[in-house]
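Quick note on numbering: the sequence shown equals residues 7 to 239 in the working numbering.
First up is the structure itself, then whatever we jot down about it.
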Amino acid sequence: MNSPNAILKPGGDQLPSKPGSSAARTFFLWVVIGLAFVVITAFYFLRRLNRLEHQVAGLGKQAEQTNQTLQQIAEKSDVALRHASQAEANAQQAAQLRDQAETAKAKSEEEAEVAKQQAQVARNDATLAQQKAEEYRKQREEELNRLQTALSQIADTRRTAMGLIMTLGSKSIRFDFDRSDVRPENREVLSRIAGVLIALKGYSIYVYGYTDDIGTQEYNLKLSQRRAEAVRD
């Protein structure tokens with residue numbers, strides 16, 4: 007038969023490619039490139055996401071630490087406020103105590119000044135009283151001297167710690183036996199004594215009577231009392 011035949015020779019020229027096969031390879035290449043891009047992009051975003059998660063976790067820890075720090079600061083602030091409040095209360099109390107102390111000091115100083123003035127007045131009064139007492143003592147001394155001089159002209163008179171003692175012996179006044187009446191001749195002596203003593207003030211006069219040893223002690227005591235009263239009257 008006379009039909010054309012294609013003869014393949016080894017090692018000869020390549021067979022011509024078909025048009026559809028080239029497009030498929032191009033499409034496949036783009037698909038591979040796209041998948042590679044997607045994979046790379048996904049890997050990149052996954053890494054970014056992982057980093058962001060780590061950053062978020064770190065920020066969370068920082069936020070927690072910050073919250074703890076803020077809480078500690080708040081607690082310290084509360085403690086500081088309580089201390090400040092207590093310090094203010096203590097300061098007010100100290101101010102009140104200081105005011106009370108100043109008031110007490112002023113009162114004490116005032117009382118001390120009053121006491122000082124009173125003490126000065128008391129010293130002045132004591133000095134005046136001492137002067138008056140000394141003047142009175144001198145007056146009494148002079149008066150006693152005059153009195154002793156006057157009474158000594160009548161009877162024996164001497165000075166003792168008890169005062170002036172005037173002894174009316176038997177030559178001045180005598181009583182009859184067992185009698186307490188003053189004799190008329192003795193009244194002149196008593197009148198002279200009364201004339202000296204009548205002007206005196208502030209003195210006490212004691213009259214003692216004596217008897218002999220005849221009779222009982224009780225009787226003689228009563229007789230002595232009657233004789234002293236007779237001289238006094």
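Idealized CB from N, CA, C, for every residue including glycine.
Since this is a predicted model, take the numbers as computed values, not measurements.
Is the beta carbon of residue i sitting closer than 8 Å to the one on residue j?
i	j	result
residue 154	residue 170	yes
residue 213	residue 200	no
residue 196	residue 202	no
residue 204	residue 192	no
residue 163	residue 172	yes
I believe residue i touches residue j by the beta-carbon criterion, under 8 Å. Please report the beta-carbon distance rounded to the nearest angstrom.
i	j	result
residue 174	residue 161	5 Å
Less than 6 Å between C-beta atoms, sequence neighbours within five positions excluded: which residues of the same chain meet that for residue i?
i	result
residue 144	none
residue 21	Confidence is the limiting factor: at residue 21 the pLDDT is only 46, short of 50, which leaves the residue's position unreliable and the question unanswerable from this model.
Using a Cβ-Cβ cutoff of less than 8 Å, which residues in the same chain neighbour residue i once the five nearest sequence positions on both sides are dropped?
i	result
residue 15	For residue 15, the pLDDT reaches just 44, beneath the cut-off of 50, and the residue's location in the model is therefore unreliable, leaving the point undetermined.
residue 9	Any reading at residue 9 needs caution, since the residue's pLDDT is 44, under 50, leaving its predicted position unreliable; the model's value is listed next. Same-chain partners within the cutoff: there are none.
residue 224	none
Comparing alpha-carbon positions, which option in the options lies nearest residue i?
i	options	result
residue 183	75, 67 and 229	229
residue 211	224, 238 and 190	238
residue 249	118, 209 and 134	In the structure as shown, the chain begins at 7 and stops at 239. Residue 249 is therefore absent and cannot be evaluated.
Within 8 Å of any Cβ in chain D, is that where the Cβ of residue i sits?
i	result
residue 179	Going by chain labels, chain D is absent from the structure shown, which holds only one protein chain.
Within a Cβ cutoff of 7 Å, which residues of the same chain sit near residue i, ignoring the five residues on either side of it in sequence?
i	result
residue 78	none
residue 222	none
At what residue ranges does the stretch 123-152 contain a whole run of the alpha helix (DSSP H), taking only runs of 4 or more?
List check, alpha helix (DSSP H) in window: nothing returned.
Just list the alpha helix (DSSP H) runs in the stretch 35-63, keeping only unbroken ones of 4 residues or longer that don't cross its boundaries, in chain order.
None, since the stretch 35-63 contains no complete alpha helix (DSSP H) of that length.
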